[in-house]
Every structure is written in C-alpha cells, then in structure tokens.
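In our numbering, the protein residues as written are 554 to 820. Worksheet for the structure shown next.
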C-alpha cells in the first residue's frame, strides 16, 4: 500500500523523496508521485523507482499522507478539486509558500493539515524544514512529520505567525547564501585563483563555519570576532563588508522575501 503521495513532482518534492528513501522512512514502492507532466514523472520514476500517476485523485485515494508540492497560485484549485476525496484519515502536508493552515482548512471539510517550509538542501540531507500544525492536526501528526522531515536534515515546529520570516530566511536562504558565495568566488578568481579551486575553498569554508557555529553554539558575531585580528587580513575585509549600505541590503533581502510570502497568502 502506498504510504506517501506527492501532488506535484518538482525539485522540492524530489528533494523530499530523496531524503525519505535514503533514510528508509519509506521505500520507493511506498511513494506515489503525481504531476501534470508525464515527462517529469518518467524522470522521477527512472531516478528513484517511485510509482507515478497523472491523476491527483489517484494519489489521494491511495495515500493516507499527501504532500501538496504545487505552486501557491495553484493550491486553491487543487484543494477544491480534491476536497471531496479527502477524509478525516488523511494527513495533508503542504509546502506551498504563503498559504496558511487556516486558509487550507477552509477549503477542506475534513483532513488534518500541516504546513511545511522545507529548503533545497534536502537533496543533500541537510535541509532546514520548518512546520506548523493546523487546528485539526494532532501531536501524533506532528511527530510523524518531524520524523519524515528529519530524514532530510533538521526539523523544527514553529508558530505559524513566524512563517513569512521562515520562508525568507530558510526557505529562500540557500539562494541568498549561494549568491554571496559566488561573489566571494569571483573575488578569488580576480586574484588569480582557478575557479574550481576557489569554489572548493569557499564552499568548504561556508560548510565548516556553519558546522562550527552549531557544534559550539556560538553567536555568528562571536565567531567573527574570534577570527579577526587587529590590522589583519580579516579586519581589512570586514572593513569593506560591514558598511551601513551592506547591512541595509542584507536586511532588505529578508524583508523583500517575507513581504512576497505575505502576498502569496492572498494570491
């Protein structure tokens, strides 16, 4: 019997499937993936061995746990179409940005809803996956979702009123961090370093910094201070980086993404 269904088989859905299968939370035969693109479904089946269908109703009828991995603008139509088939026994997990549990429950007469904001690092088993419960979801549902998301990295239950900030920081964050890393790599290349070497140094340094912060429970500012010697190379670089303009740009980056999350709730 299918254990988990996916409605939508895009990159994030595939990232989650990858984690579930890698950590043996479910086997490939336990996953039924649905999508409007037959080509995409064939690719997913070839890569992961999961079952596939182009009929969303088939996913709901066969899977007690359904992951809604469609775009926010498509979610309402999908929920309205599937509402008659969703029963109180269904656990509905939505990863659509901006759409609140209250809104989703208003379109579903039954079924328990949990809203999730994952990120693309699930593909490497290092995702930051945040979730919040709807009013019909149980503590057991939360434990189940935490276990599944833990297969893809870290999982945390956070109050829903913080989800716009969550979406901006951890949901969109990989793109922001990758952009900054790319600029640092470009700087090293201008200093004469081959791009491949610069990319290795930069990515390992970013990874190591993150792991050190988590292992030692340090504040980022404390680590920056520990690395910085007076009149040294780090101090010279920080003098350029730590300008009011840069602080404003980085702050506005999160603000813009959070604002867009709020807009999507109304779409």
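All C-beta atoms in this analysis are idealised placements derived from N, C-alpha and C, irrespective of residue type, glycine included. This one's a predicted model, so the numbers in the text were calculated from it and none came from an experiment.
If we call anything under 8 angstroms between Cβ atoms a contact, is residue i one with residue j?
i, j, result
"residue 623", "residue 558", "no"
"residue 560", "residue 621", "yes"
"residue 705", "residue 678", "yes"
"residue 660", "residue 636", "yes"
"residue 616", "residue 594", "no"
"residue 708", "residue 715", "no"
"residue 529", "residue 782", "Outside the shown range of the chain, which is 554 to 820, sits residue 529, and nothing can be said about it."
"residue 695", "residue 710", "yes"
Thinking just about the alpha-carbon of each residue, which of the options is nearest to the one in residue i?
i, options, result
"residue 669", "578, 723, 587", "723"
"residue 731", "716, 755, 742", "755"
"residue 582", "588, 570, 593, 591", "570"
"residue 628", "641, 606, 664, 653", "653"
"residue 776", "816, 761, 784", "761"
"residue 656", "725, 640, 686", "686"
Could you give the distance in angstroms between the alpha-carbon of residue i and the alpha-carbon of residue j?
i, j, result
"residue 768", "residue 759", "14 angstroms"
"residue 554", "residue 712", "Annotation note: pLDDT 47 at residue 554 (below 50); position unreliable, coordinate value reported separately. In a straight line, the C-alpha of residue 554 is about 33 angstroms away from that of residue 712."
"residue 805", "residue 717", "14 angstroms"
"residue 601", "residue 556", "16 angstroms"
"residue 591", "residue 779", "53 angstroms"
"residue 820", "residue 625", "8 angstroms"
"residue 645", "residue 689", "11 angstroms"
"residue 763", "residue 772", "11 angstroms"
"residue 676", "residue 734", "19 angstroms"
"residue 642", "residue 664", "6 angstroms"
"residue 565", "residue 797", "35 angstroms"
"residue 648", "residue 612", "16 angstroms"
"residue 810", "residue 725", "7 angstroms"
"residue 818", "residue 682", "19 angstroms"
"residue 785", "residue 791", "10 angstroms"
Would you call residue i buried or exposed, if buried means 16 or more other Cβ atoms sit within 10 Å of its Cβ?
i, result
"residue 743", "exposed"
"residue 589", "exposed"
"residue 770", "exposed"
"residue 793", "exposed"
"residue 765", "exposed"
"residue 802", "exposed"
"residue 816", "exposed"
"residue 736", "exposed"
"residue 658", "buried"
Looking only at its own chain, which residues have a Cβ that is under 8 angstroms from the Cβ of residue i, when we skip the five neighbours before and after it?
i, result
"residue 738", "748, 751, 752, 755"
"residue 614", "638"
"residue 608", "587"
"residue 579", "556, 557, 573"
Less than 6 angstroms between C-beta atoms, sequence neighbours within five positions excluded: which residues of the same chain meet that for residue i?
i, result
"residue 720", "650, 670, 814"
"residue 575", "none"
"residue 698", "667, 684"
"residue 680", "671, 672, 674, 705, 706"
Examine the ligand COA and report whether any of its heavy atoms sits within less than 7 angstroms of the Cβ of residue i.
i, result
"residue 737", "Only the bare structure without any ligand can be found here, which leaves the ligand COA out of the picture."
Are the C-beta of residue i and some C-beta of chain C separated by less than 8 angstroms?
i, result
"residue 633", "Looking for chain C here will not work: only one protein chain is present."
Can you find the residues in the same chain that come closer than 7 angstroms, C-beta to C-beta, to residue i, ignoring five residues on each side of it along the sequence?
i, result
"residue 597", "562, 567, 586, 603, 605"
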